[in-house]
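Our numbering numbers the first residue of the sequence shown as -1 and each following residue consecutively. Ideal Cβ positions, reconstructed from N, Cα and C, are used throughout, including at glycine. Keep in mind the model is a prediction, meaning the values are calculated, not measured. Since the structure comes first, as structure tokens, the remarks are kept for the end.
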Amino acid sequence: MGVNLQILGKTAIPRLAPKLNISPEIPESRFLYDMNMKEFDEVVRNVERVLKVILEKADVSWWDIYLNSDIGMERIALAKEMELDDQDIVLDVGCGRGYFSIAAATESKSVVGIDLMNGSGRANWWSNFYEGMHELNLADRVSGLKSSATLTPFKSSRFTVAAVVHSIRNFQNKETIKAALKEMKRVVVKGGSVILAENIPTPRNKAQEAHLQMFNCKVKYATGELSYPQKEELIEWFQKVGFRGIEIKELNYNLIATPPLFCLDYYLSPLSEIQKHNARAAYDQAISMIHTWGETSPPTLLVKARK
Ligand SMILES: C[S@@+](CC[C@H](N)C(=O)[O-])C[C@H]1O[C@@H](n2cnc3c(N)ncnc32)[C@H](O)[C@@H]1O
């Protein structure tokens, strides 16, 4: 069972359960945040067990899992908002586990995902990526490649759309984001689209406030995460790369579409005692907010420009 789609079971199973007449014992997502590794592993094993049963015996497909998960629902909604064409050839920049690549493949001719893949836990990354695509029968239309967003191996005008979805948060810095936009512009055809989708730091309800409190802890105390960009900053980056006539949409799906799960304990050792104290206080506050209100992603800004 491929790990990438298995992860989606956490939010898909509770949604499918009433239709399947089952009552699986899976804790709500809000309670995953302060679990220890043993408890977390137990949830993962439980999700795996339920998935195995419903995939084998209940006429459920991997597509049902993807389409009923918060992440799948949000990526599909984003792909639709992008107004892709069934002849589009899409570059998915910073594709990660391929959740947006899957959505883009439902609306286009083919997708190439690229990712730097230099983080921890990246062993078997592409085999997991392809396993997910096989499970969804997309392997003939979606491929993945290790590449930096700022220097890709593609010739100019190779794609009709280049999209970067919930990925700039993991780019090295703002210069990398601008360089990536420039590269995306180079590889799309004249008249093609460069599209960026990222959460913005403007929560619209308590669950989104809780998300932001935890995400900001992640930015401050973990590694590899940039703050969510302000709308004005995003527009400025597009303008600096030479785009005019930029289209912007603010989309508020209020789903668990980019969960900022992380364990603070891994990052505490280099901190002074006072920093540790402050980090724990901020993290505990985030946990308490998530327990009270749940956690959903703040609105996503979709920025689209034509070459
Ligand atoms: C949050 S994940 C991707 C989310 C994914 N697009 C989705 O729809 O679920 C961000 C990804 O950006 C990748 N990344 C970070 N810097 C990059 C760079 N300079 N070039 C390409 N990928 C990069 C990371 O390796 C990570 O897999």
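Annotation for G92: D113, A147, V162, S165, N168 place their beta carbon closer than 7 Å to its own, counting only its chain and skipping 5 residues before and after.
Taking every protein chain shown into account, the CB of V1 has fewer than 16 other CB atoms within 10 angstroms, so this residue is exposed.
Relative to ligand 1, the nearest heavy atom lies less than 6 Å away from the CB of N168. In this structure, the beta-carbon distance from I11 to V48 falls below 7 Å. Residue pairing by DSSP leaves K36 without any beta bridge partner. For H164, the Cβ falls inside the 6 Å cut-off from some heavy atom of ligand 1. Taken atom to atom, the span from the alpha-carbon of F38 to that of K8 is near 12 Å. Just measuring C-alpha positions, the residue of A103, K238, D90 sitting nearest E173 is K238.
Here the distance from the Cβ of L179 to the nearest heavy atom of ligand 1 is not below 6 Å. For N197, the enclosing beta strand (DSSP E) stretches over residues 186 to 197.
Pairing L18 with A77 gives a Cβ-Cβ distance that is not under 7 Å. In this structure, the straight-line span from the alpha carbon of E133 to that of Y97 is close to 13 Å. Proximity to S145 across K36, E105, D90 peaks at D90, based on C-alpha coordinates. Of the residues F152, L149, G94, the one whose Cα lies closest to the Cα of S125 is G94. Close CB contacts of V187 within its chain, under the 6 Å cut and outside five residues either way in sequence, are with S155, T158 (chain order).
Per DSSP, the beta bridge partners of V162 are V91, L194. According to the DSSP assignment, S99 belongs to the alpha helix (DSSP H) that extends over 97 to 105. Nearest to N135 by C-alpha distance, out of S67, V301, L3, is L3. Shortest Cα-Cα distance from A280 to any of S99, E181, H209 involves H209. Going by DSSP, K144 is part of the beta strand (DSSP E) stretching over 140 to 144.
Nearest C-alpha to F260 among E26, M(-1), D32, V45: D32. Between V58 and L14, the alpha-carbon positions lie close to 9 Å from each other. Cβ contact annotation for Q228 (same chain, cutoff 8 Å, sequence separation greater than five): I198, P199, in chain order.
The residue among P25, N34, R28 with its C-alpha nearest the C-alpha of L262 is N34. Here A284 carries a helix assignment [DSSP, helix/strand/coil]. Here W235 really is in contact with I175; their C-beta atoms are around 6 Å apart, less than 8 Å. Setting aside the 5 residues that flank it on each side, L82 is surrounded in the same chain by E105, S106, each with a C-beta closer than 6 Å to its C-beta; the list follows chain order. Setting aside the 5 residues that flank it on each side, E72 is surrounded in the same chain by Y251, L253, A255, each with a C-beta closer than 6 Å to its C-beta; the list follows chain order. Ligand 1 never approaches F260 closely enough for any of its heavy atoms to be under 6 Å from the residue's Cβ.
Between ligand 1 and F98, a heavy atom-to-CB distance of less than 6 Å is present.
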